[in-house]
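For the sequence shown, the numbering used here assigns the number 242 to the initial residue and increments by one for each residue that follows.
Every residue, glycine too, gets a C-beta built ideally from N, C-alpha and C.
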Amino acid sequence: MKKVIGLLLVLVLGFALMACGNDDNGDNGGTDLDEAEGLTATISVQVEEDWLPIYEAARDRVLEDNPDATINFIETPAFDHLDVLDSTDPTNEDVADLYAIPADRIFGLYQNDALAALDAQELADRVGGYDNYDEGLGGNFVINDEYMAFPMNIETLITFANTANAEELGIDLGSEIEFTELGHEEMLIPVFDAWFGVAVTNSAEIEMLAHDENDELYSDLTQDFDELDPEKQAVFEALFDYWQAHHEAGTDLWDEEAAWGYMDAEFTTGGNTALRIEGPWSTGNLSSQAGDGEDLEILPLSQVTVNGNPLAHWQGGWGLVLNARIETDEEQMLLGHRMIEEIMNTDYAVEFFEASGKIMANVEPSVYTESDQLSDTNKEVIEAVIESYNEAPARPLFSEWGQVWDTWKNAMLSWSAVEPANAEEAYQEVQASFEAMMQNY
242 MKKVIGLLLV
252 LVLGFALMAC
262 GNDDNGDNGG
272 TDLDEAEGLT
282 ATISVQVEED
292 WLPIYEAARD
302 RVLEDNPDAT
312 INFIETPAFD
322 HLDVLDSTDP
332 TNEDVADLYA
342 IPADRIFGLY
352 QNDALAALDA
362 QELADRVGGY
372 DNYDEGLGGN
382 FVINDEYMAF
392 PMNIETLITF
402 ANTANAEELG
412 IDLGSEIEFT
422 ELGHEEMLIP
432 VFDAWFGVAV
442 TNSAEIEMLA
452 HDENDELYSD
462 LTQDFDELDP
472 EKQAVFEALF
482 DYWQAHHEAG
492 TDLWDEEAAW
502 GYMDAEFTTG
512 GNTALRIEGP
522 WSTGNLSSQA
532 GDGEDLEILP
542 LSQVTVNGNP
552 LAHWQGGWGL
562 VLNARIETDE
572 EQMLLGHRMI
582 EEIMNTDYAV
592 EFFEASGKIM
602 ANVEPSVYTE
612 SDQLSDTNKE
622 VIEAVIESYN
632 EAPARPLFSE
642 WGQVWDTWKN
652 AMLSWSAVEP
662 ANAEEAYQEV
672 QASFEAMMQN
682 Y
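And the structure:
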């Protein structure tokens, strides 16, 4: 891995511009996967408990051609594994040679020299399903002309509806649903958490933190309220009204700890909530609340609007990476590549989803929707994720965005203590927080 890092590493948002510019993207791991037979190397692979069936099957397929190789599993949640890496270094034996990361961790790991470059183009050719690998999530994993991860899945927020509650509340799930016309409990979204809040701010293209044409960082939220575009002002009017209604009613939505239990209780059939904005990983939990699935319907995120503008989350996802410590060992690199190839084997896309809840980026939707193995609910979830993903902007992956999480959360939670009288006063709390954040740059 090249270790010359500029003062400012910027991952350009948008898929089309992230490509390295040609098919020969340097060494990128120096692998020839046609030679990945008869290997005798040993590697370790991080795997979550639920993923074990697909990882074990992938290992078996790799070992068919490499019976003398050894692939050990480190069974641990992905975020716990990253915590170990963050608190130690890539040489720690408790850090795997191959592991999964959320896309936004790519820059920090690269800067810490934790990653080995991949021969992602050859992997993409062997895995298949990519019309143009660099125009998708794979292109967003390029740093300094090297591929540092291979796409594991796509993800974004979608809308879950309790049909029984919707009918009782008179909400038509077959048409566009305007957030500002709903009662404060009829749709619940924890907007104090930026992961969910951006679904609202993206509807008016509010940039919490971005790069301008000169690669300089800026935030729309440092502007005065009267300087914001009318659509952006209207978002904060809607957020203020939402907060005020919950504050006056004394609900727990603006309580960082209690909000989740409150939302679960109200979404349960017979409760006051018809709509929840969540990710596909919440399907099981929300299905159980909605009459064990009998009252559950899945909608694309864009079916809900704010001031007439569709909600829009991010084109998020995860990637598989190799540990920098194995980059000088050709056999370990080959074995790691082969394991990635078999984990992402599209012949097992349905099983991959069943085990992990992850949707492969390079698989036609029909593979899922025409499967006899998947439930109707899971098919609806997959369709909604794909539709919502295609309508979403790219997720910001540059490392500085990490400071936005607490900046947004602390500002939004402060409303309950400050008790602003109107949207402009509420916005000023957000503005002050983001002005303080921007002083760090």
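Alpha carbon to alpha carbon, how far is residue j from residue i? Give it in angstroms, no decimals.
i, j, result
"Val659", "Met428", "24 Å"
"Gly380", "Glu489", "47 Å"
"Trp292", "Ser285", "15 Å"
"Asp265", "Trp495", "Annotation note: pLDDT 39 at Asp265 (below 50); position unreliable, coordinate value reported separately. The straight-line gap from Cα to Cα measures roughly 51 Å."
"Gly512", "Thr648", "32 Å"
"Ile518", "Ile399", "6 Å"
"Asp354", "Asn385", "13 Å"
"Trp683", "Leu304", "Here the chain comprises residues numbered 242 to 682, so residue 683 is not present and cannot be evaluated."
"Ile581", "Ala407", "43 Å"
"Tyr503", "Met574", "48 Å"
"Trp555", "Asp434", "14 Å"
"Glu409", "Gln474", "33 Å"
"Ala662", "Ser528", "38 Å"
"Gly377", "Tyr609", "20 Å"
"Gly270", "Glu632", "Low local confidence applies: a pLDDT of 49 at Gly270 is under 50, so the model's placement there is unreliable, with the coordinate-based value given in what follows. Between Gly270 and Glu632, the C-alpha separation is close to 33 Å."
"Glu446", "Val476", "10 Å"
"Glu666", "Ala652", "12 Å"
"Ala565", "Ser655", "42 Å"
"Val288", "Ile315", "6 Å"
"Ile295", "Asp273", "24 Å"
"Leu423", "Arg579", "51 Å"
"Tyr682", "Gln644", "11 Å"
"Lys536", "Ala405", "Note that residue 536 is Asp in the sequence shown, not Lys. Each residue's Cα considered, the two are about 6 Å apart."
"Gly520", "Thr281", "41 Å"
"Thr311", "Gly279", "12 Å"
"Thr329", "Tyr483", "43 Å"
"Tyr668", "Ser616", "44 Å"
"Lys620", "Val441", "26 Å"
"Met679", "Tyr589", "45 Å"
"Glu468", "Glu605", "44 Å"
"Thr283", "Leu563", "13 Å"
"Val325", "Asp335", "7 Å"
"Gln193", "Glu478", "This structure cannot speak to residue 193, because the chain is shown only from 242 to 682."
When you compare each of the options to residue i by their alpha carbons, which one comes out closest?
i, options, result
"Leu323", "Glu305, Asp306, Pro343 and Gly438", "Pro343"
"Gly534", "Ile284, Ser523, Ser543 and Pro541", "Ser523"
"Asp309", "Arg300, Phe348, Thr317 and Ile315", "Arg300"
"Ile584", "Pro318, Gly279, Tyr340 and Ser607", "Tyr340"
"Thr317", "Ala553, Ala390 and Glu290", "Glu290"
"Glu396", "Asp570, Ile567, Ala635 and Phe477", "Ala635"
"Phe391", "Asn603, Glu468, Val671 and Leu280", "Asn603"
"Leu516", "Glu454, Ile567, Ile412 and Leu563", "Ile412"
"Val439", "Tyr503, Val547 and Val325", "Val547"
"Asp613", "Ile623, Glu605, Val591 and Val671", "Val591"
"Asn313", "Val325, Glu628, Asp372 and Glu297", "Glu297"
"Gln362", "Gly370, Tyr374 and Leu356", "Tyr374"
"Ala677", "Ser460, Gly370, His452 and Thr442", "Ser460"
"Phe466", "Met679, Glu670 and Glu457", "Glu670"
"Gly657", "Gly491, Tyr589, Gln464 and Glu507", "Here the sequence assigns Ser to residue 657, which means Gly is not the residue at that position. Out of Gly491, Tyr589, Gln464 and Glu507, Gly491 has the C-alpha closest to the C-alpha of Ser657."
"Thr569", "Glu605, Asp327 and Asp338", "Asp338"
"Asn394", "Phe594, Glu571, Ala277 and Ser640", "Phe594"
"Gly532", "Ala506, Leu458 and Leu326", "Ala506"
"Ile627", "Ser674, Ile567, Gly549 and Ile539", "Ile539"
According to DSSP, what are the bridge partners of residue i?
i, result
"Ala635", "Gln556"
"Val645", "Note: Val645 sits in no beta bridge, so no partner."
"Leu423", "Looking at the DSSP assignment, Leu423 forms no beta bridge with any residue, so it has no partner."
"Phe401", "Arg517 and Ile539"
"Pro392", "Gly560"
"Glu297", "DSSP lists no partner for Glu297."
"Thr283", "Thr311"
What is the C-beta distance between residue i and residue j, in whole angstroms, given that I count them as a contact (C-beta under 8 Å)?
i, j, result
"Asp493", "Ala499", "4 Å"
"Phe481", "Ala664", "4 Å"
"Asn403", "Leu576", "So it is not a contact: roughly 47 Å between Cβ atoms."
"Val368", "Thr587", "6 Å"
"Tyr388", "Leu359", "5 Å"
"Val545", "Phe420", "6 Å"
"Gly560", "Phe382", "6 Å"
"Pro541", "Ala625", "5 Å"
"Leu638", "Phe320", "Not a contact, Cβ separation roughly 17 Å."
"Trp642", "Leu450", "5 Å"
"Ser223", "Gln352", "Residue 223 lies beyond the range of the chain shown here (242 to 682); nothing can be said about it."
- Going along the chain, which unbroken runs of the alpha helix (DSSP H) with 4 or more residues stay wholly within the region 311-365? 319-328 and 347-352
- Query: Can you give, in chain order, each stretch of the alpha helix (DSSP H) that sits fully within the region 518-562 and has at least 4 residues?
  - Reply: 524-530
- Item | Those runs of the alpha helix (DSSP H) which lie wholly inside the region 567-609 and span at least 4 residues | 571-584 and 590-597
- Segments of 4+ residues assigned as alpha helix (DSSP H) that fall wholly inside the region 428-471: 435-442
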